[in-house]
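What follows is one structure encoded as structure tokens, with my remarks underneath.
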Amino acid sequence: QVQLVESGGGLVQPGGSLRLSCAASGIALSMYHMDWYRQGPGNQRDLVATITSGGNRIYADSVKGRFTISRDNAKNTVYLQMTSLKLEDTAVYYCNARIGATSKYWGQGTQVTVSS
Numbered sequence: 298q299v300q301l302v303e304s305g306g307g308l309v310q311p312g313g314s315l316r317l318s319c320a321a322s323g324i325a326l327s328m329y330h331m332d333w334y335r336q337g338p339g340n341q342r343d344l345v346a347t348i349t350s351g352g353n354r355i356y357a358d359s360v361k362g363r364f365t366i367s368r369d370n371a372k373n374t375v376y377l378q379m380t381s382l383k384l385e386d387t388a389v390y391y392c393n394a395r396i397g398a399t400s401k402y403w404g405q406g407t408q409v410t411v412s413s
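Under this note's numbering, the first residue of the sequence shown is numbered 298, with each subsequent residue one higher.
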């Protein structure tokens, strides 16, 4: 059974940092392109960052320079380091494993709340 499990969310003040993790079981993440998405209240699910199976990184304009996506294939885990957090970063964050343009697996999400 394939599982993607996100963790690391929580409550943080503006300007703070969090590191999200997406740990996989049942698949080798090294074979997949990995995405982080987020969905704020009343909003659609938006792509935040991608790391390809080859290690290339792509970011949404809204998070460039603040977020860093990485992967540790030995730990079968993908990370999203978030710094200089803003109120508008508040959302549920999801990881997604993709082959080509086809989404294969989703995690259950982890809540990030940025509030003073």
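Quick reminder that beta carbons are idealized off the backbone N, C-alpha and C, glycines included.
- Reduced DSSP secondary structure (H/G/I, E/B, other) of Leu382: coil
- Task: Quickly, what does DSSP pair Gly323 with across the bridge? List them, please.
- Result: Paired residue(s): none; Gly323 is not in a bridge.
- Message: Could you compute how far the alpha carbon of Leu308 sits from the alpha carbon of Leu382?
- Response: 11 Å
- Item | Beta-ladder partner(s) of Asn393, from DSSP | Asp332, Trp403
- Item | Assumed close pair Arg335, Val389 - CB separation to whole angstroms, cut-off 8 Å | Between Val389 and Arg335 the Cβ distance is about 7 Å, and since that is below 8 Å, they are a contact.
- Message: Whole angstroms are fine: how far does the CA of Ser412 sit from the CA of Pro311?
- Response: 6 Å
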